[in-house]
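> Residue numbering for the sequence shown follows my numbering, starting at 1336 and increasing by one per position.
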Amino acid sequence: MPKSIKELTEEMKHHLLKAREITVKAEEEDRDFTAGEAKDLREHMAKATEAKAGIEERKGNDELRATLAQLGDDIALNAKTDEGGQRRTASGFHLPEQGKSLGAQFVESPEYKGLLAQAAASGGQFAKNQRVQSEMWGAKALVTGGSDTSAGSLVQNDYRGLAVGLDVFQRPLRLRDVVTPGQTTSDTVEYVRVTSVTNNAAPVAEATSSAAPTAPGGAGALVNNAGGGYKPESGVALAKVTAAVKTIAHWMPATKRALSDAAQVRTLIDAFLLYGLEEELEDQMVQGDGTGENFEGISNVSGTQSQAWDSDLLTTTRKARTKVRLVGRSIPNAYLLNPADTEALDLLQDNEARFYFGGPSGAGTAQMLWGLPVIETEAVPAGTGYVGDFRKAVLWDREQATIQVTDSHLDFFVRNLVAILAEMRAAFGVLQPSAFVEIDLTA
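1. Taking the straight line between their C-alpha atoms, what separation do you get for residue 1682 and residue 1600?
2. Taking three-plus beta-carbon pairs below 8 Å as touching, is the segment 1602–1617 in contact with the segment 1529–1549?
3. How would you call residue 1619, buried or exposed, if buried means at least 16 neighbouring beta carbons within 10 angstroms?
4. What's the gap between the Cα of residue 1578 and the Cα of residue 1532?
5. Could you tell me which of 1627, 1722, 1691, 1763 sits nearest to residue 1641, measuring between CA atoms?
6. Under 9 Å between the Cβ atoms of residue 1765 and residue 1728?
7. Which ranges does the alpha helix (DSSP H) cover as unbroken runs of at least 4 residues, wholly within the segment 1555–1627, from first to last along the chain?
8. Taking residue 1671 and residue 1639 to be in contact with their CB atoms under 8 Å, please state how far apart those CB atoms are, rounded to whole angstroms.
9. Do residue 1726 and residue 1668 come within 9 Å of each other at the CB atom, strictly closer than that value?
10. Could you compute how far the alpha carbon of residue 1716 sits from the alpha carbon of residue 1775?
11. Between the C-alpha atoms of residue 1610 and residue 1505, what's the straight-line distance to the nearest angstrom?
12. Name the residue from 1674, 1613, 1344 whose alpha carbon lies nearest to the alpha carbon of residue 1512.
13. Under a three-way DSSP split, which group does residue 1516 fall into?
14. Is the separation between the beta-carbon of residue 1660 and that of residue 1705 shorter than 9 Å?
15. Closest by CA to residue 1536, which one among 1741, 1566, 1634?
16. Given a cut-off of 9 Å, decide if residue 1616 and residue 1649 are closer than it, judged by their beta-carbon atoms.
17. In three-state DSSP terms, what is residue 1636?
18. Taking buried to mean at least 16 other C-beta atoms within 10 Å of its own C-beta, is residue 1347 buried or exposed?
19. Could you give the first and the last residue of the continuous alpha helix (DSSP H) run that contains residue 1631?
20. Closest to residue 1373 by CA distance: which of 1386, 1384, 1356, 1385 is it?
21. Mind reading off the beta-carbon distance from residue 1735 to residue 1703? Whole number of angstroms is fine, and I expect it under 8 Å.
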């Protein structure tokens, strides 16, 4: 049996109220909808729409407007008028107009519609001195399109918003990709750092006498090992290092209205703040001086190797890689270079003015150098580079980056302002300094 208009109205009201409860709860807790809430919200809105369609089948438009206006008043516990003049509930539901305003009567009048029709027929231009005359005012009024106090105020700007994200102001961050990731649940991390390795392994003859031969000499060598069968001694020098967990954070203020009225604002702010943490983290892993709340970055760790300038950029960077292999006894996995130095590599030419890396149409050095990926980063100053086995550097995450919002700052509560805070905690350590080479790239 078909439902009556009253039943459909009650059904629509029920689902709108349920949808409002979900929306208000998320707004009060200052968060996005959960997956379950989003599913329920879509179902309630779909059923409310279905009920509304049923009402439209049974009532004329005038009677429908009256019913929806009355229904809107029933559920609009905190109804307000937005900047566009539309009445909405606190949760954002649009409420039908209770009556036509004078402006609404004007734009719906035959005279005004006729004016628009004439403009459309003439290529979008109003005729000179074109007037709209209506019996509603009992007087003639000139409507012009160039004045903000006349029809010009009806023309809305073609606003596209922020067509691109904040990433246009952000540099690529890739150092995290090549270091070893770790986790910690403490405020400090104690780890073992390898400072040197001595390998004296050598073939040893079988002992031919039980008599003790002359004692071994220095560095594992034997002064007289005749008949003794003594084995040479090797060693690894280790040091216990403590890396404290450091906090990286920053914040920015915003108005509650901005966060409520422009959904994109919150997303942009979150993305900007989270990126800022990662940028500072990369800077600290390279340049941190170990004092105060700074990490001990690769550039300030004792025991790293150095490569002086040698002939040209290509020769210098290749010799640095060799040091990682021979002295550091490690397999390098990346170069760290400033963008200015990767540009200098790109522009290298042979004696016939041919670019080594393909020139403008080639892939350039941004990707590979001597078989290793190149990480361009402004954390490395121009004129200096690094090559090494970055797997022997560890980043321990204590607390992943988080975003928090509060109005409990100064007088923010009474001013409808909020502080948006981004924060992370981590520790960083280099397990084997000799696996890294600092390169002097200046002639």
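For glycine and all other residues, C-beta sits at the position ideal for the given N, C-alpha and C.
All values reported here derive from a predicted model rather than from experimental measurement.
Reading from the atomic positions:
1. 41 Å
2. no
3. buried
4. 23 Å
5. 1722
6. yes
7. 1591–1596, 1598–1622
8. Not confirmed; about 12 Å, so no contact.
9. yes
10. 11 Å
11. 8 Å
12. 1613
13. strand
14. no
15. 1566
16. no
17. coil
18. buried
19. Here residue 1631 belongs to no alpha helix (DSSP H), and DSSP marks it neither H nor E.
20. 1356
21. Incorrect: roughly 32 Å between the Cβ atoms, too far for contact.
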